[in-house]
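Structure first, commentary second.
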Amino acid sequence: MMLSAHDLTIGYRNRVVGSGLEISLKSGEIVALLGPNGSGKTTLLKTLLGLLPPIDGEVRLAGRPLAGYSARERAKRIAYVPQSHSATFAFMVETVVLMGRTAHGTLFSRPSAADRALAARMLKRFGIAHLANRPYTEISGGERQLTLLARALAQEPQFVVLDEPTASLDFGNQGRVLHEIRALGASGHGVLFTTHDPNHAKRAADRAFLLRQGKCIADGDVRTVLNRTQLEALYGTKLSVVQDSDGDESAFLPG
Numbered sequence: 016m017m018l019s020a021h022d023l024t025i026g027y028r029n030r031v032v033g034s035g036l037e038i039s040l041k042s043g044e045i046v047a048l049l050g051p052n053g054s055g056k057t058t059l060l061k062t063l064l065g066l067l068p069p070i071d072g073e074v075r076l077a078g079r080p081l082a083g084y085s086a087r088e089r090a091k092r093i094a095y096v097p098q099s100h101s102a103t104f105a106f107m108v109e110t111v112v113l114m115g116r117t118a119h120g121t122l123f124s125r126p127s128a129a130d131r132a133l134a135a136r137m138l139k140r141f142g143i144a145h146l147a148n149r150p151y152t153e154i155s156g157g158e159r160q161l162t163l164l165a166r167a168l169a170q171e172p173q174f175v176v177l178d179e180p181t182a183s184l185d186f187g188n189q190g191r192v193l194h195e196i197r198a199l200g201a202s203g204h205g206v207l208f209t210t211h212d213p214n215h216a217k218r219a220a221d222r223a224f225l226l227r228q229g230k231c232i233a234d235g236d237v238r239t240v241l242n243r244t245q246l247e248a249l250y251g252t253k254l255s256v257v258q259d260s261d262g263d264e265s266a267f268l269p270g
């Protein structure tokens, strides 16, 4: 299965954010989307998800125009984890994760025993089972992000789209999420995630898509695309490079 965009122009009614974009995501593939603030990353994600209509061009899912899928049909195939989420109601963490099951039932149907068992597995997977009966409004930002990841996987999607999934996490939980991204790819999911850290992209992704001022400046294997020259062009700044014992670029640092 594939999620793809063809000659895509993205933006809003009175403002074009990007144009001429071609991007694809296959089952079992992990793609990192990198670019400076304001480059159009989140707008592109929302267009690929069907949350924003394209100004021009087309998004296709499994060979069909995405516009032809209902919201419920999209939710069964694509899960979205936003960069931030404002908690309004004090739902229990377990309840938030169970909300991922609404794509397979109705908003008002009672969760089945199978739904609860799946939610419990997702909570355990992300190390937050002890938070199951805590109000979502009373946990940390990092714990909320892990809860949203658990909710996304409870949807049992084919594709998972994550906007800055490690942004609010501490060092240890960043490693856990990057490990889970790799595990998702290994289990056949297609994963698209945005990041400002090329080291995270290099660790977790198969491909990198570099977006600057709404244009793709590079798309390909992370080992080829993520180099000092490309990243300095992407961010418009000098980088320091840490080399491994073979002289290869192993880590990138600002300045």
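Here the sequence shown is numbered in my numbering, starting from 16 and rising by one per residue.
Glycine included, every Cβ here is placed at the ideal spot set by N, Cα and C.
These numbers were taken from a predicted model, which means no experiment stands behind them.
In this structure, does DSSP put residue i in helix, strand or coil?
i	result
Lys230	strand
Phe141	coil
Lys253	coil
Arg75	strand
Gly50	coil
Ala169	helix
Arg28	coil
Leu163	helix
Met235	Reading off the sequence, residue 235 comes out as Gly, not Met. Three-state DSSP puts Gly235 in a strand.
Gly35	strand
Ala266	strand
Ala220	coil
Could you give the distance in angstroms between the alpha-carbon of residue i and the alpha-carbon of residue j?
i	j	result
Ser255	Ser265	11 Å
Leu49	Leu40	15 Å
Thr152	Met114	16 Å
Gly203	Lys253	37 Å
Asp185	Val192	11 Å
Leu5	Gly235	Because the chain here runs from 16 to 270, residue 5 falls outside it and cannot be looked at.
Gly142	Leu199	16 Å
Arg270	Val46	The amino acid at residue 270 is misidentified as Arg; the sequence shows Gly. Near 26 Å, if we compare the C-alpha coordinates of Val46 and Gly270.
Gly53	Ala129	42 Å
Gly229	Ala147	40 Å
Arg222	Phe208	11 Å
Leu67	Pro180	21 Å
Gln170	Ala86	13 Å
Gly43	Leu18	12 Å
Ala167	Val96	7 Å
Ala77	Met16	5 Å
Gly120	Leu177	23 Å
Arg89	Pro213	29 Å
When we look at the beta-carbon of residue i and count the other beta-carbons within 10 Å, is it buried (16 or more) or exposed?
i	result
Ser155	exposed
Phe174	buried
Tyr250	buried
Phe104	exposed
Val206	buried
Glu37	exposed
Val74	buried
Lys58	One point to set straight first is that residue 58 is Thr, not Lys, in the sequence displayed. Buried: at least 16 other Cβ atoms inside 10 Å.
Asp71	exposed
Val257	exposed
Arg79	exposed
Leu268	exposed
Where do the N-terminal and C-terminal ends of the beta strand (DSSP E) with residue i fall, by residue?
i	result
Thr152	Per DSSP, Thr152 belongs to no beta strand (DSSP E) and is neither H nor E.
For residue i, report the span of its alpha helix (DSSP H) as first-last.
i	result
Leu60	Lys56 to Leu64
Review point. Unbroken alpha helix (DSSP H) runs of length 4 or more, entirely within the segment 171 to 213: which are they?
Key: Here the runs fully enclosed are 186 to 201.
Exercise for review: Could you pull out every unbroken alpha helix (DSSP H) segment of at least 4 residues lying fully inside the segment 90 to 135, listed in chain order?
Suggested key: Counting only runs of 4 or more residues that sit fully inside the segment 90 to 135, the alpha helix (DSSP H) segments are 108 to 113, in chain order.
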